[in-house]
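Note that the sequence shown covers residues 433 to 1062 in the numbering used here.
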Amino acid sequence: MVVKRAGVGSMAMVVLAAGSGCSSWRTIDPSEATIDQYIRIRAPISGRLAPNGDYYYIDRHDGVYQLFRRPAGRTRVKTLTTFADGVNEYTLSPDGRWIAVTAGYGGDEQFNIHLLETSTDNLTGALVDRETVFGSVVWNRQSTAFAYRANTTSKEDFYVYVYDMQTRTSREIWNKPGYWSPVDFNLPGDKLVIARSVSAAEGYLWEVSLGAANARPITSLEESWAFEGVGYAPDDARFYVVSDYQGDRLTLQEIEPQTGYVRPLLPGMAEHEVDAAVMNEARDVMAVTFNIDGYGRLLLYRVPGFEPMPGPVIPDGVVGGVDFQGNDIVFAMTNARTPGATYRWALGSESAEPRLLSDGDTQGIDVAKFRLPELVHYPSFDGLQIPAFLYVPADYQPGTPIPFIISYHGGPEGQYRPRFSEYLQYFVSRGFGVLAPNVRGSSGYGTPWLEMDNYKNRMDSVRDGVAAARWLIDQHFSAPKMVAAYGGSYGGFMTMAVITQAPEMYGAACNYVGIVNFETFLERTKSYRRKLREAEYGPLDDAEFLRSISPIYLVDRIETPLFIAHGKNDPRVPLHEAEQLRDALQARGRTPEFVVFDDEGHGFQKENNRIVFYARLAEFFERHLRQPTG
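Written as structure tokens, this is what we have:
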């Protein structure tokens, strides 16, 4: 069946079978849909094709993410996992016989690895230990073994191991201190490139000879650059990376492991950051996704010469989840009107339209009426222009102040990108505006921008956040006390920081799994994360500085109505951050809204919990922002 779908860019698609489908052919106007209906919008993620044509993906049919399979040529799907707290990710072996599935417990991120045999659907625990975090599975090309990382021996460090599928045993192949992960095996499977991550802007690659039990660095240990591994070239004599080496942004490059020589590739795209790069099994085609002002662009190249190839036409949005199977490329796309769709496209088909593998369930809401963002820039305290995405209601009259939500992203090396956001669209449909800034320190704009907020410059990013509210007020989009601050994780810190630095501007705020005290945060976050976070925020032994940037010491300035939300099992920003903020406010006679979910961690994954949270948040913002006060 061929169905024309009017998406952004008017892209027609050939529909094979929707992974979730629409709940009804009757459309509901966005202004009439309930918050429950908005939060129940969903789309399959992590779609992969097996060699036999079976389609695997993750979805939350029953409110928790599980792994599903749709056999080739069929529409009926089968549930493959039933973990109480869902799956985190999965990795399909090259021959399609095995799937390594990682799953945790109640949001604690203590992920274990389970093996699913695709011929029988038998699922067994391969690496199960509640005290250990397992992950980053990388299969060898023969499907006889996979590499992974784990902090079994040292809770502060991730070492690298190889799991043998025949003997069902593991052996440690790298045990140096640090945050290490496997990247790629060479063709024979006797060498493995591993990566050490020090910070978002510093990383190193080593090549381990598995048989000889020796290793060598393939990137300089004397210089600090970001290196993200892609994979071995077809001849195994070179290794492709995404790096800012001798530049100011992440680009595609190649390394000669024997000499350490680094050569830039794709000079014509050097002004844009690379999101990711993936090769097909034959290693003769590479897909590269670029980040262009937050939007994604997918380009194909013939390897090793990197001649451009024809590629699929994709609407404006964010592209990810790229993979290859045989002569097909699989990719996912999302934008303000697309919850998430996964497509397959035959290499070399040029004018052919991508075929839809799975689509979102919109709950019958007319997402074609969802508001598209406008990319704007506003000046900060020092004149720096800050990029931001602006959403306004359909009936907005310019110059008329309306309630606005400023959504501060996490990271801090994150980036707000114009993906689908059901809760954001709910607020816009109710007459709220939304501004999502990418303050200094965000990724996607080059290394200098990424590092502008490090350590002693922390409060400069907060000033960018305050400038967002000031710009909305000065441009008459909103008014004092009609602006809300909202953010999770580092965005929660931003929320608390801006309402203590400029309390006169904000009429409401929501701190979602956020940091309020950098000293206690660094003391209590999982030990394997501490060094990575100290590289960003400053060392734990510089307690005086950490206290100077911590909103907990400015609680007396808080006059903004506050909603605090957290997961009990958060391993990144422990619950203590929320509890000490609540206690400090209560000691001063203030009563914040406060909600903790016992079965969640760093963010809320379960559908029922998300409905409860966003319903309370919607009521909270409605109550405090509809009329300016003070």
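Using N, Cα and C, we set each Cβ at its ideal position, and we do this for glycine too. All values derive from a computational prediction rather than experimental measurement.
Buried or exposed by the 16-neighbour rule on C-beta atoms within 10 Å, applied to residue i
i	result
E955	exposed
E686	buried
F813	exposed
T992	buried
D589	buried
Y693	exposed
K623	buried
T1079	Because the chain here runs from 433 to 1062, residue 1079 falls outside it and cannot be looked at.
Q598	exposed
G780	exposed
A784	exposed
H809	exposed
A669	exposed
R581	buried
G737	exposed
T601	exposed
R965	buried
A644	exposed
P699	exposed
F925	buried
L807	exposed
K587	exposed
Residues near residue i in its chain [Cβ-Cβ closer than 6 Å; skip 5 each side]
i	result
V750	G728, T766, R849 and R851
D596	A577
L804	A768
S456	Residue confidence is low: S456 scores 43 on pLDDT, short of 50, so the model does not pin down where it sits. No coordinate-derived value is stated.
A465	I797
Residue i vs residue j beta-carbon contact at 8 Å
i	j	result
A377	A911	The displayed coordinates of the chain run from 433 to 1062. Any statement about residue 377 would go beyond what the structure contains.
D793	I473	yes
R573	Q542	no
D1002	G567	no
E951	L978	yes
V630	E639	no
S893	G846	no
I531	D798	no
G528	T514	no
G999	F1026	no
N870	A820	yes
V945	H1008	no
R961	R1004	yes
D680	G878	yes
Top-ranked residue by Cα proximity to residue i, from the options
i	options	result
A868	I797, Y840 and W571	Y840
F909	G865, F590 and G878	G865
Y858	A773, F836 and Q1018	F836
R989	Y944, F1052, K958 and M937	M937
G753	T691, T513, I984 and L481	L481
D716	P1006, R734 and T564	R734
Y489	F515, I471, P462 and V519	V519
L1049	S861, M701 and F995	F995
G485	V762, L731 and N1040	V762
A975	N949, M718 and T832	N949
P666	D680, N618, V1005 and S652	N618
Per-residue DSSP class, three states only, for residue i
i	result
Q685	strand
G752	strand
A577	strand
G792	coil
V799	helix
D906	helix
G772	strand
T601	strand
F864	coil
T651	coil
K913	coil
M926	helix
Y840	strand
F859	helix
Any C-beta of chain C under 8 Å from that of residue i
i	result
K913	Although the question refers to chain C, the structure presented lacks it and comprises just one protein chain.
Close Cβ partners of residue i (< 8 Å) along its chain, the five nearest in sequence each way excluded
i	result
V706	V674, L682, T683, L684, V720, T721, F722 and N723
V560	N544, I545 and H546
Y828	I834 and G865
A899	Y810, P811, S812, F813 and I818
Sequence-distant residues of the same chain with beta carbon closer than 7 Å to residue i, five excluded per side
i	result
A1047	I467
P526	W571, R573, S575 and E713
E968	S631, P844 and N886
Any non-hydrogen atom of the ligand HEM closer than 7 Å to residue i Cβ
i	result
S781	Looking for the ligand HEM in the displayed structure turns up nothing, as the structure carries no ligands at all.
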